[in-house]
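Notes follow once the structure below has been shown.
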Amino acid sequence: MKYRNWLPFILFVVWVLFWPKMYSPGQQPSPSVTIGWTDNGGDCFQVYRGTQFDQLSVIAGCVPEPVFIDTSVQRGRVYYYAVSALSEFGESDKSNVVTAVIPPPTGTGAGGC
Amino acid sequence: MKNIFRSALLVAGFLFLIPFTASAQHQGTLNFNASTTPGIAGYNAYRAPCTGTITAGVCSIVPPANAYSKLNATPFQASYVDTTVLAGQRYTWRVTAVCPAVAAGCGNGIVGESDPSNLASATVPTDQPNAPTNLTIINVQ
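From first to last, the protein sequence lines stand for chains E and S. Per the numbering used here, the first sequence starts with residue 131, numbered consecutively. Per the numbering used here, the second sequence starts with residue -6, numbered consecutively.
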């Protein structure tokens, strides 16, 4: 059988891919928040974020598509997001504000922030 | 004689407006059918702003005759590009035909400026784009 010739290689690939998870059961992936919105015009979008509802600041200046992945969040925190549209004529009003709750650290992995 | 001229110099059978260009500087282009009177020197363009409220793209007040301001310094020959419009404002335009400022005028005793054409109105787009909506959290991990 030809598969027998490939079996050591397949086992090696599986071992490489899953080794960290097998021996670090408490480790969580890096936290992130993915947001999306409806494009109502403009050339690109500005993403706002804050830890308080009414204090948002720009974290991305010109996102071309109506989706954004924020990988600079910390576990155990609450973040508020809003977006606006940009064009050569200026900036739109902000969108609605959404709340993202980042799960706290779990297991025996590294400590929290 | 003036009345003959006014009736004879039927300028701009139909005035229409090319939509505003999507550039940083808003502008409106006036196109119209040429006057059938031979020998005219060119055309004048006039514009009046909406002084009422704009609802669904319609101004609540029709600009009176004395609200029109002349846009061009000297008569122009074909279409006219109005580059002095402001974002969000609604305007009404009209044009007239002009005979040469000499004794002969357009000939046959026709001198001066014609009656105004029909009116064309448009609202200049606002500067800012519409705000995004339906912002949602797709995933948190």
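Beta carbons are placed, not taken as given, at the ideal position from N, Cα and C, and that holds for glycine.
Backbone CA spacing between T94 of chain S and K63 of chain S [nearest angstrom]: The sequence as given places Ala at residue 94 of chain S; Thr does not occur at that position. Their Cα atoms are separated by approximately 17 Å.
Cβ contact (3+ pairs, closer than 8 Å) linking the stretch 49 to 63 of chain S and the stretch 17 to 25 of chain S: no
Extent of the continuous beta strand (DSSP E) run through F69 of chain S: Segment: none, F69 of chain S is in no beta strand (DSSP E) and carries neither H nor E.
Assuming I165 of chain E and I131 of chain S are in contact, meaning their beta carbons sit under 8 Å apart, how far apart are those beta carbons, in whole angstroms? 6 Å
Cβ of T129 of chain S less than 8 Å from any chain E Cβ? yes
Would the C-beta of P161 of chain E count as close to the ligand SAM, meaning under 7 Å from any of its heavy atoms? With respect to the ligand SAM, the structure shown offers nothing to examine, as it has no ligands at all.
Return the first residue and the last residue of the beta strand (DSSP E) that T77 of chain S is part of. Unbroken run through T77 of chain S: none, as it is neither H nor E.
Distance, P57 of chain S Cα to N101 of chain S Cα: 32 Å
Check the C-beta distance from Q204 of chain E over to A190 of chain E and give it rounded, since I have them as a contact under 8 Å. Going by Cβ atoms, the distance from Q204 of chain E to A190 of chain E rounds to 17 Å, so no, they are not a contact pair.
In three-state DSSP terms, what is L137 of chain E? helix
Can you grab the Cα-Cα spacing for the pair A90 of chain S / S214 of chain E, in whole Å? 47 Å
Between the stretch 72 to 90 of chain S and the stretch 106 to 124 of chain S, do at least 3 Cβ pairs fall closer than 8 Å? yes
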